[in-house]
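Colleague: Quick one: structure below, then a few questions.
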Amino acid sequence: MEPHSLRLVVYGLAVVVASAILLLQNPVVASTHECDFGGIFNFGDSNSDTGGLSAAFGQAQSPHGESFFHAPAGRYCDGRLVVDFIAESLGLPYLNAYLDAVGSNFTHGANFATAGSTIRPQNTTLHQSGFSPISLNVQWYQFNDFHRRTQIFRQKERIFQELLPKPELFSRALYTFDIGQNDLTAGYFLNMSTGQVRASVPDILAQFKDIVQYIYGQGGRSFWIHNTAPVGCLPYILDRLKITAAQVDKAGCAAPFNDVAQYFNRKLKEVVVQLRKDLPLAAITYVDVYSVKYSLISQARKHGFKESLRACCGHGGKYNYNMHIGCGGKIKVHGKEVLVGKACEDPSVWINWDGVHYTEAANKWVFDQIVGGSFSDPPIPLKLACHRH
Ligand SMILES: *[C@@H]1O[C@H](CO)[C@@H](O)[C@H](O)[C@H]1NC(C)=O
Ligand SMILES: *[C@@H]1O[C@H](CO)[C@@H](O)[C@H](O)[C@H]1NC(C)=O
Ligand SMILES: *[C@@H]1O[C@H](CO)[C@@H](O)[C@H](O)[C@H]1NC(C)=O
Numbered sequence: 001m002e003p004h005s006l007r008l009v010v011y012g013l014a015v016v017v018a019s020a021i022l023l024l025q026n027p028v029v030a031s032t033h034e035c036d037f038g039g040i041f042n043f044g045d046s047n048s049d050t051g052g053l054s055a056a057f058g059q060a061q062s063p064h065g066e067s068f069f070h071a072p073a074g075r076y077c078d079g080r081l082v083v084d085f086i087a088e089s090l091g092l093p094y095l096n097a098y099l100d101a102v103g104s105n106f107t108h109g110a111n112f113a114t115a116g117s118t119i120r121p122q123n124t125t126l127h128q129s130g131f132s133p134i135s136l137n138v139q140w141y142q143f144n145d146f147h148r149r150t151q152i153f154r155q156k157e158r159i160f161q162e163l164l165p166k167p168e169l170f171s172r173a174l175y176t177f178d179i180g181q182n183d184l185t186a187g188y189f190l191n192m193s194t195g196q197v198r199a200s201v202p203d204i205l206a207q208f209k210d211i212v213q214y215i216y217g218q219g220g221r222s223f224w225i226h227n228t229a230p231v232g233c234l235p236y237i238l239d240r241l242k243i244t245a246a247q248v249d250k251a252g253c254a255a256p257f258n259d260v261a262q263y264f265n266r267k268l269k270e271v272v273v274q275l276r277k278d279l280p281l282a283a284i285t286y287v288d289v290y291s292v293k294y295s296l297i298s299q300a301r302k303h304g305f306k307e308s309l310r311a312c313c314g315h316g317g318k319y320n321y322n323m324h325i326g327c328g329g330k331i332k333v334h335g336k337e338v339l340v341g342k343a344c345e346d347p348s349v350w351i352n353w354d355g356v357h358y359t360e361a362a363n364k365w366v367f368d369q370i371v372g373g374s375f376s377d378p379p380i381p382l383k384l385a386c387h388r389h
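Every letter in the sequence shown is one number past the one before it in the working numbering, and letter 204, counting from 1, is 204.
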């Protein structure tokens, strides 16, 4: 060995020893180790539904899924959702929906989200109002039962060891949440004033807080909580609710609805602060998805998108959105049946997919902004979200 390279080896060893000592002495440095989550348990609505509503109430139809999966894939999107990019970046498989009975593999977690879910149970049916009966409390019942039964079945038969999580996953895993938007819109669609919707926020969040506590009680330690997005920028709100010109902001969004979303987020942040006090072993990351999505929509061109407010896969009106004829529905043009959404040729330059949901391209952009921690409280990257700060 050349003396020069020997010097390098000695120097390298010294660095290793010095950093080992530093790690032992300094817990802050030690806590910058990447987390070994091993899996994800997700709770939410359509923003993170990878097949739940489809399994229970019928598949999201074509052209959903066309850009990435090349077929409907249980997602209300042309491709992947933020939760898919989270799974990818942690080296994990895409999450199967808990409700997907066929072909699912839950060794690395499960997804309890369904499109249309709310935090509070709604007093209407899916058919009446479009809101999923699988509200967050039901997702919790399902998770609780999943936890209990997976452990029984793993011991019963070998095959289940290759399909169900090990007991230790429940404390190692990342628990992700993206829910609340539908609690606000449920109020609007019942003709509540924004003041009335605002007044319901404390009760909504009290129920959210309970569920995080229950999951902690089952061993959950790492929580990654998205706040609610600027719902006033989505065609289904802009088109369906009466909005006066004075209520529209510079980005073209309905300000009163975004104000309530921001109020919800301020209160959510208070709940997170309280949860950190109540749950001494929990690492809880609050992620400001609102700011990321609003910045994307209000500066679409700067970020490489051509369309910010109109739906790519839709039909008619100012926002290319019609609540009665949705993405994948059929319309008659000159006596011929045409699929709604066929005209949307390049979803990669559109932000909005179907009037309610974001395109894969927008989801990827959002993920790229949040993964490093710049929009998180505490400001730590996804890969460090198991460490309490
Ligand atoms: C549903 O009805 C119950 C009982 O009247 C009520 O306590 C609850 O707040 C209602 N839920 C919503 C979302 O309005
Ligand atoms: C389920 O997924 C895990 C991890 O990807 C894999 O090791 C296991 O073999 C899969 N189970 C089956 C039955 O294919
Ligand atoms: C809300 O108001 C609209 C217009 O006045 C009415 O058509 C609709 O039935 C009302 N919806 C509910 C749930 O009361």
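All C-beta atoms, glycine included, are put in the ideal place defined by N, C-alpha and C.
#1: What residue from Gly-317, Ser-295, His-315 and Gly-316 has the CA that sits closest to Ser-308's CA?
#2: Below 7 Å CB to CB, which residues in the same chain sit around Val-272 once its five sequence neighbours on both sides are set aside?
#3: Might you give, ordered along the chain, the residues of its own chain that have their beta carbon closer than 8 Å to the beta carbon of Lys-306, omitting 5 neighbours on each side?
#4: Are Ile-134 and Gln-207 closer than 8 Å when you measure CB to CB?
#5: Is it the case that the CB of Asn-123 approaches a heavy atom of ligand 1 more closely than 7 Å?
#6: My understanding is that Gly-393 touches Asn-96, with C-beta atoms under 8 Å, so please give their C-beta distance in whole angstroms.
#7: Once the 5 residues before and after Val-390 are set aside, which same chain residues still bring their CB inside 8 Å of it?
#8: List the DSSP bridge partners of Phe-41.
#9: Using only the alpha-carbon positions, how far apart do Arg-240 and Asn-320 sit?
#10: So, does the stretch 39-46 touch the stretch 173-184, judging by three or more C-beta pairs under 8 Å?
#11: Provide the residue(s) that pair with Phe-223 in DSSP beta bridges, ordered along the chain.
#12: Please determine whether the Cβ atom of Arg-198 lies at a distance below 7 Å from any heavy atom of ligand 1.
#13: To the nearest angstrom, report how far apart Pro-72 and Ala-110 are at their CA atoms.
#14: Does DSSP put Ala-199 in a helix, in a strand, or in coil?
#15: Sorted by chain position, which residues of the same chain lie with C-beta nearer than 6 Å to Ser-222's C-beta, five sequence neighbours on each side aside?
#16: Do Asp-84 and Pro-347 have their C-beta atoms closer together than 8 Å?
#17: Can you tell me whether Leu-126 sits near ligand 5, meaning its C-beta is under 7 Å from at least one heavy atom of the ligand?
Modeller: For this structure:
#1: Ser-295
#2: Its chain contains Ile-225, Ile-284 and Tyr-286 as the residues whose beta carbon lies nearer than 7 Å to that of Val-272, once the 5 sequence neighbours on both sides are disregarded; these appear in chain order.
#3: Within its own chain, the residues whose Cβ lies closer than 8 Å to the Cβ of Lys-306, once the five positions on either side in sequence are excluded, are Ala-300, Val-349 and Trp-350, listed in chain order.
#4: no
#5: yes
#6: Given a span of 1 to 389 for the chain in the structure shown, any question on residue 393 remains unanswerable.
#7: Because the chain in this structure spans residues 1 to 389, residue 390 falls outside the shown range and cannot be described.
#8: Ala-110 and Tyr-175
#9: 13 Å
#10: In short, these stretches touch, since the Cβ pair count reaches three.
#11: Tyr-175 and Ile-284
#12: Not so, every heavy atom of ligand 1 lies at least 7 Å from the Cβ.
#13: 19 Å
#14: helix
#15: Leu-174, Ala-283, Ala-385 and Cys-386
#16: No.
#17: This structure simply doesn't include ligand 5; it includes ligand 1, ligand 2 and ligand 3 instead.
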